[in-house]
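As numbered in the working numbering, the sequence shown has no gaps in its residue numbers, which increase by one up to the final residue, 109.
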Amino acid sequence: MLAAALRRCTAAAAARGFLHPVSAPSPAAAVQSIRCYSHGSHETDEEFDARWVTYFNKPDIDAWELRKGPHKEIYPYVIQELRPTLNELGISTPEELGLDK
C-alpha cells in the first residue's frame with residue numbers, strides 16, 4: 009500500500025517536472041527529491057527563528073497582527089499548491105469572489 013502511494017506520488021511529481029529524469033529511482037529517493045525541491049532562497053533555521061522572534065517582539069504589534077502571524081506570507085504558497093485542485097473542482101478563491109476587499 010505504501011509502495012503504491014509512493015509510486016503515485018513519484019509519477020505526479022515527475023509529471024509536474026519536480027523530479028530530474030533518472031533511471032528507476034527508488035521510492036525513498038523520489039520522496040527525498042520532492043521534499044528538498046525549493047524555488048526560493050534557502051534560509052537557515054537560525055535566520056528563520058530570528059526573523060519570527062523579531063516579528064513577534066515588535067513593540068507596536070497589535071492583537072490582530074499577533075494572531076495573524078505568518079499567514080500573509082504562507083497564503084500565496086497554499087493557494088499555489090491548491091490551484092490545480094481548486095480548478096478541477098471549480099472552486100473560487102476569496103480573491104476571485106472579491107471577498108478580500
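Glycine is no exception: its CB is placed at the ideal position from the N, C-alpha and C atoms.
Check                                                                        : Outcome
Reduced DSSP secondary structure (H/G/I, E/B, other) of lysine 80            : helix
N- and C-terminal bounds of the alpha helix (DSSP H) containing aspartate 57 : 53-64
For leucine 105, three-class secondary structure by DSSP                     : coil
Beta-carbon gap between isoleucine 82 and threonine 101 smaller than 8 Å     : no
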